[in-house]
Each structure stands twice: as C-alpha cells, then as structure tokens.
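The block underneath contains the structure these notes are about, expressed in structure tokens.
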Amino acid sequence: MKMTTMKAESRVNVVDATATGIAPEAKMTAREVRVCYGEAEALHGIDLDICVGEGLSLIGPSGCGKSTFLRCLNRMNDTIEGCRVIGSITLDGEDIYDPRLDVVQLRARVGMVFQKPNPFPKSIFDNVAYGPRLHGLAANRHELANIVERSLKRAGLWEEVKDRLAQPGTGLSGGQQQRLCIARALAVDPEVVLMDEPCSSLDPIATARIEELIDELRESYTIVIVTHNMQQAARVSQKTAFFHLGDLIEVGDTEQVFTSPRAQRTRDYITGRFG
Amino acid sequence: MSPDFGRHLRKRRAAERRFRWYGIAAITIALGVLATLFFTLIREGYTAFVQTEIALDVHLDAEIIDPDGVRDPEKLSRVRYNRIVEAALIDAVGGPGAVDPAGLDEIVSSGAQFILRDIVLADPGLIGQTVRVWLPTSSNVDQANKGYVSRDLPQSQRRITNAQFDVLDRLEAGGRMQLVFNSALFVNADSRQPELAGLWGAIVGSFYTLVVCFLLAFPIGIGAAIYLEEFARKGRLTDLIEVNINNLAAVPSIVFGLLGLAVFIQAFGLPRSASLVGGFVLALMTLPTIIIATRASLKAVPSSIRDAATALGASKLQATFHHVLPLALPGILTGSIIGMAQALGETAPLLMIGMNAFITEAPGGLTEGATALPSQIYLWADSSERGFVERTSAGILVLLAFLLVMNGIAIYLRKRFERRW
Numbered sequence: 001m002k003m004t005t006m007k008a009e010s011r012v013n014v015v016d017a018t019a020t021g022i023a024p025e026a027k028m029t030a031r032e033v034r035v036c037y038g039e040a041e042a043l044h045g046i047d048l049d050i051c052v053g054e055g056l057s058l059i060g061p062s063g064c065g066k067s068t069f070l071r072c073l074n075r076m077n078d079t080i081e082g083c084r085v086i087g088s089i090t091l092d093g094e095d096i097y098d099p100r101l102d103v104v105q106l107r108a109r110v111g112m113v114f115q116k117p118n119p120f121p122k123s124i125f126d127n128v129a130y131g132p133r134l135h136g137l138a139a140n141r142h143e144l145a146n147i148v149e150r151s152l153k154r155a156g157l158w159e160e161v162k163d164r165l166a167q168p169g170t171g172l173s174g175g176q177q178q179r180l181c182i183a184r185a186l187a188v189d190p191e192v193v194l195m196d197e198p199c200s201s202l203d204p205i206a207t208a209r210i211e212e213l214i215d216e217l218r219e220s221y222t223i224v225i226v227t228h229n230m231q232q233a234a235r236v237s238q239k240t241a242f243f244h245l246g247d248l249i250e251v252g253d254t255e256q257v258f259t260s261p262r263a264q265r266t267r268d269y270i271t272g273r274f275g
Numbered sequence: 276m277s278p279d280f281g282r283h284l285r286k287r288r289a290a291e292r293r294f295r296w297y298g299i300a301a302i303t304i305a306l307g308v309l310a311t312l313f314f315t316l317i318r319e320g321y322t323a324f325v326q327t328e329i330a331l332d333v334h335l336d337a338e339i340i341d342p343d344g345v346r347d348p349e350k351l352s353r354v355r356y357n358r359i360v361e362a363a364l365i366d367a368v369g370g371p372g373a374v375d376p377a378g379l380d381e382i383v384s385s386g387a388q389f390i391l392r393d394i395v396l397a398d399p400g401l402i403g404q405t406v407r408v409w410l411p412t413s414s415n416v417d418q419a420n421k422g423y424v425s426r427d428l429p430q431s432q433r434r435i436t437n438a439q440f441d442v443l444d445r446l447e448a449g450g451r452m453q454l455v456f457n458s459a460l461f462v463n464a465d466s467r468q469p470e471l472a473g474l475w476g477a478i479v480g481s482f483y484t485l486v487v488c489f490l491l492a493f494p495i496g497i498g499a500a501i502y503l504e505e506f507a508r509k510g511r512l513t514d515l516i517e518v519n520i521n522n523l524a525a526v527p528s529i530v531f532g533l534l535g536l537a538v539f540i541q542a543f544g545l546p547r548s549a550s551l552v553g554g555f556v557l558a559l560m561t562l563p564t565i566i567i568a569t570r571a572s573l574k575a576v577p578s579s580i581r582d583a584a585t586a587l588g589a590s591k592l593q594a595t596f597h598h599v600l601p602l603a604l605p606g607i608l609t610g611s612i613i614g615m616a617q618a619l620g621e622t623a624p625l626l627m628i629g630m631n632a633f634i635t636e637a638p639g640g641l642t643e644g645a646t647a648l649p650s651q652i653y654l655w656a657d658s659s660e661r662g663f664v665e666r667t668s669a670g671i672l673v674l675l676a677f678l679l680v681m682n683g684i685a686i687y688l689r690k691r692f693e694r695r696w
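Top to bottom, those sequences are chains L and H. Note that the numbering used here gives residue 181 to position 181 of the first sequence, counting from 1, and the numbers run on in steps of one. Convert by adding 275 to the 1-based position in the second sequence; the result is the number in the numbering used here.
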C-alpha cells in the first residue's frame, strides 16, 4: 500500500481519499512546513510524505516553491541567508531539523543533484571520490577506486569515461557532466536522491538518457525530482505533487494527476491555461 | 529600406569609428608617456652602471707597510695606504715634478686605500713587491671621464682643475684608464662618496621589510577576507567593516607612517629606522588591498561549487578550503603580489619612521637601522653631486626592475593556477 497523504487544510483544495495519517513506508514526511525568506513566506504549510522506492515529481509554475521545498529535505536552505524553515520534516521518523542531528550525516543520506551540472574543476575520479573521502567510506585506494567505478556504472557513465578518469570533469559534455554529478551523489550511498530540474540545461538526447537513468535508480533509491516538464514527470515518477503559489494543491498517482486531476488549478496548469 | 534607417546606420558606424580612434589615441598617449619616462631614466642613469678605473703599479713598500717585519694584521690594517696610492699615481704620470701635485689626492677614490688594505691583508706575501691594481677614481674624475665636465668652462666653475685634466690625459695616453661594470652599485651600501655608494643596503632593507609585511599581511588579510566573505553573517556590522576596509585602502600612506611612529616606536618602543617597523607599517597599508582582492576572487567563485560540496556533506570550512579557496587562489595571489609591489615602492610612511637614515652598512637583522629602495632613491635625489644624480636614475631603474619581476611572478602564478570550468 503505497500512498502519499495530505492533511486537510482550508487552503488545500483536495484531500487524498485514502489518506490515513503517516503511511508506514514513508521515508520522509513533511508536516506544516513553512519557509520564510526574511519577511516573505514562500511555503505556506506543506504536508507531504515520500515513500520508500518511489519516484515523486514536484511540478508547478515558476516560483511556486517546489525547489524551496526540495531544498528543505536536505537542509540546503541553511546556506541561504535569512531563510527560516518552520514545521517538521522527518527522515525515518527522525526530525532532520533537530539541533542534535548532524547535518553532515543528513546530507550523506539525502543526496542532491542540481539544475546546472556543477562538477568540481577536478578530475573525473576526484569528483566522484570527494564524497567517500569526506566521509571516510573507503579504507584504501583500492576500495575508493571500487566505489568510483560502481558509482560511475550506476550513473551509466563508466563506459564513456573509464579510460580518462584523470581528465577534468569539466571537459565532459553537459549531459555527461550531469551524469557525473549523479555519480558523485550516489558515491556516498544515499537513501534519498533529490533532483532539482536535472535536465533543464540539457539537450533532448541527454535528457532522455538521464530520464532512463532516473527510472533505473528508482529501484534502489527514493527519488524526488523537481521538473518544469510535465511529460518528464509522467515518464519518471509514480507520484506527482502539484505546487502553486507556495501551496501544495494536489498530490496523487502520476497517472491520476495527469488524466483526472481533482483540483481546478491542477487541471488548468496541466492543460496549459497558466504556468 | 527607409532613408531614416540608412542614416542611422551611417551614424552608428561613424560613432564606432570615432570610438576606435579615441582608444588608439589614449593608448598612444599612455605608451608615449611611459616611453618618455624610461628614455629619460635610462639616459640619465645608464652611466651609473659603469665606473672609471685607473691602473696603478703600486709598490707595496715594506718600509711603510711593515717596518718591523712581523706581519701583524692589526698593524697592517692601520697603515695609511693612501700615501702608497699617491706615490704610485705620481709614478704613473711621469714621476715627481712631471705634473702639478695640487689636487692629485682627489684623483683616486678615497675608497682605494681600503681596496689596497684588503689586498695586503689577503696576501701579506705581496709586501715589498710592485703590483698592478685597477682602482676606482673619485666621482669627479669619473664624471669627467664620462664626458659630463666641459673643459670649455672657466676652471673656477668646474670640479676638475686644469692640472687634474692634465693628469687624466696622461693616464688616458698611457692606457691606464677604463670603464668597467660598476659592481659597487650592487654590493655597497650608502656612502658620502658617490663612487662608493651602492644599493645593497637598501635592497636588503627592502627585502626584510617586505618579508615582515608579507608574513603579516598575507595570512591576516586572507583570513579576514575568508571570514567576512564565507562565514560572517551579513548585517550592519559586516557592512560597517566593509566600508571601513574600503576607506582604509584610500588613506594616504603617510598617515600609516604617522601611526607607525606613534604606536610602534613611541608606544611599543621599537627601534627607529628598523625594517621590522617598516614591515609593520607597510603591512597595515597592504592589508586592505589584500582583503579587497581576496574577497573579490572569493565572490567570483560560482556558488554552484559551494552547493555541490555542501550537498555532499562538506562543512562550510571544508567547502571553503577544498574547493572555493583553490579556485580563488590565482586572484588572491595576483592581488597580494600587486599589494606587495605597491609596498615595495612606498616611500612616505618609511620617512616617518626614519627609514631614510644615512646607513652605510646592509642591515644584519630586522631591528637594525635600514633604508629601503625608494627611501634610498629619495636620499640620493636630495644630493647635489653629479655622481648621485646618475645614481638616482639608476636606483629607480633597479626598483622598476624589481617591480617588473614581481608583476611577472603575479602573471605567471595567475596562468599557472588558473582553472577553467
């Protein structure tokens, strides 16, 4: 029984009929999450569960808060000056905003891939090895090389770069760079992978490869992906959440959200009336 | 196409052409000024790199040097060697009575006696023999030999008398005069005699000063910049600090000199004229430059790199030191070296803390009296002797050479560490 629940709220137009508190498989839960940049509130109380092994797409027009929500999940918002997160987000039942929680450990468990490929200006090997080195995951060079190889294979990049691991990661093509960034995120063995519009700066062929990859990765990782592209959401995720103006409007099975959205605003967005 | 369109196009092209000519004119003027500067300096200064020497057959008379025959170095060093030099000079120009003896003692440099002393001390076995040595001439003779003293002037208006010219002509005729590379300029410290004055003391003083300045300003400046840029919470306080640092960079350097005088010398009791204090003062002056340059290069590192490291679980410190700092390094190094070059050429603050003293030996340590290259140039520029005039230009050329080398290093480091992404 995989499901995503939402708490009934006046602002939220539609309540998932099957919602019954926290789903047992919920990997991460968000309750009443509000985010303020200075005085301005960007998210107005989001309740969302992310289940194990599922791909969840966050869609919505620009500025709707989907990226902000994504960045709450591994506390990347901490790095933004003046940003405050209110409410609770848990990972395996632990509050990730608990002051006793080690944010380094959190980010090792919840990896992230960014909108623009951002490899370090170092060799391909060093790019992937950075995370394992940081967390001391490899006891020796041999193990480290194994981790790098495994990660690159999982990201589907190994065959293309195995002969030039010492060359700079920045010399790869855009799509390869993005897969390198995915390999880098996978190298620390995360449980959840967050992707912030990972294909928005890539050409269609590179996009197709990344989408295939995301589909494969879903088997081993819980994936949350922010996308502007509704076809992409339909292709790579089982669940879709629609954000609008800082509110979560609707969440449900991807097919249901795209074919028979329950909220008027979702329907308008999907049919292209705004956004 | 409307006629309006064509007219606009012509106007635009004309504006572009005009602007290109403005640019070419500006660059020509700048290069012209620079060329004039170098031309003047080299014309004035190149003769300082050579020095007139005369060859004398010096008879190291045992009667005068070592009458007891005990070869006691203590006594050997106290002999009046100038008498021996003078005797050799008289021999060289045709023996006693051949020339007017008046002014003979001003032909050879007063430093010649010490050269002779060192020869004897190095090899006492030479005593009693006659050796041919090349000795530097006095500055006046040197200037006359370089053609700066006109024989057409009445004798009373020139520094070389007719009798002295006669001596010089005889030396010249005997092949006893030559121009050689003036190594004294680089191995001697300052002196009252232009022909003995050199830059070595100033070079050592400048080196010590810059070392102190670098050791203080580089780590403090970079540390402050990293903290302000990467760690400090942006707010009123950081704004205030930023404004003040920018203001500090614009404070006239002599004010830093006054501060050094009041704080380091008066309050802390550090010695005057010391390169230690000079380094402190120049460090204060260089700090804002380094902080501003470092902050600018840190800012130029794309934040996506910080995000990438942070998202992998790197702490702020790790993200900064593993990724941001290495990427900012070329800019930091360039800014720092340019700051140091500025410090090397700074004169005013050194005048306030007494680094323009007359010091005839290279400093042996940080607390000993020292001069620096620019203050040495300032001192020489103040002297009226013709020998110091050319040395002033030569000193400026040497200082410019050091600055060029430092800027060259900055460019090299920038190219070496530059990374693209």
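For glycine and all other residues, C-beta sits at the position ideal for the given N, C-alpha and C.
Within the segment 128 to 147 of chain L, those residues whose Cβ lies closer than 8 Å to any Cβ of chain H are, in chain order, Tyr130, Gly131, Leu134, His135.
Looking at H:Ser590, H:Leu533, H:Ala594, the one whose alpha-carbon comes closest to that of H:Ile580 is H:Ala594.
The Cβ of L:Pro119 sits closer than 9 Å to at least one Cβ of chain H. When rounded, the separation of the alpha-carbon atoms in L:Val110 and H:Ile478 is 59 Å.
Contact of L:Ala108 with chain H by beta-carbon distance below 9 Å involves Leu587, Gly588.
Proximity of H:Lys509 to chain L, defined by a Cβ-Cβ separation below 9 Å, is satisfied. Contacts between H:Ile580 and chain L, judged by CB atoms closer than 7 Å, involve Asn118, Phe120 in chain order. L:Leu101: not part of any alpha helix (DSSP H); DSSP gives it neither H nor E.
A direct Cα-to-Cα measurement between H:Arg346 and H:Gly450 gives close to 34 Å. Flagged as an interface residue toward chain H: L:Thr79, by a C-beta distance shorter than 9 Å. H:Glu470 and H:Ser413 have their C-alpha atoms roughly 6 Å apart. Per the coordinates, the alpha-carbon of L:Ile249 lies some 29 Å from the alpha-carbon of L:Ser220. For L:Val110, the uninterrupted beta strand (DSSP E) run begins and ends at 110 to 113, by DSSP. Assigned with DSSP and collapsed to three states, L:Val128 falls in helix. At least one beta carbon of chain L lies nearer than 9 Å to the beta carbon of H:Ala584.
The beta carbons of H:Leu396 and H:Leu351 sit closer together than 9 Å.
The beta carbon of L:Ala208 lies closer than 6 Å to none in the same chain, with the five residues before and after it left out. Contacts with chain H at 9 Å (Cβ-Cβ) include L:Met112. The three-state reading of DSSP puts L:His135 in helix, counting H, G and I together.
Secondary structure remark: continuous alpha helix (DSSP H) runs of at least 4 residues inside the segment 424 to 472 of chain H, in chain order: 437 to 448, 459 to 462. Selection H:Tyr653, H:Ala632, H:Leu608, H:Glu643 evaluated against H:Thr622 yields H:Tyr653 as nearest (Cα-Cα).
Taking C-alpha positions only, L:Leu165 is separated from L:Ile124 by approximately 5 Å.
Pairwise C-beta distances place the segment 639 to 658 of chain H in contact with the segment 545 to 554 of chain H, as three or more of them are shorter than 8 Å. Excluding its 5 nearest sequence neighbours in each direction, L:Val35 has C-beta neighbours in its own chain below 6 Å: Ala42, Leu43, Thr68, Val85, listed in chain order. Secondary structure at H:Lys350: helix, using DSSP grouped into helix, strand and coil. In the structure shown, H:His598 falls within a helical segment according to DSSP collapsed to helix, strand and coil. Sorting L:Ala30, L:Pro117, L:Gln115 by C-alpha distance to the C-alpha of L:Arg75 places L:Ala30 at the top. Contact of L:Met76 with chain H is assigned, a C-beta pair being separated by under 9 Å.
At a cut-off of 9 Å between C-beta atoms, L:Val192 does not count as an interface residue with respect to chain H. In terms of beta-carbon proximity, L:Arg184 lines the interface with chain H, with at least one pair separated by less than 9 Å. Fewer than three beta-carbon pairs drawn from the segment 376 to 393 of chain H and the segment 282 to 294 of chain H are found closer than 8 Å, and the two stretches are therefore not classed as touching. The beta carbon of H:His283 sits no closer than 9 Å to any beta carbon of chain L.
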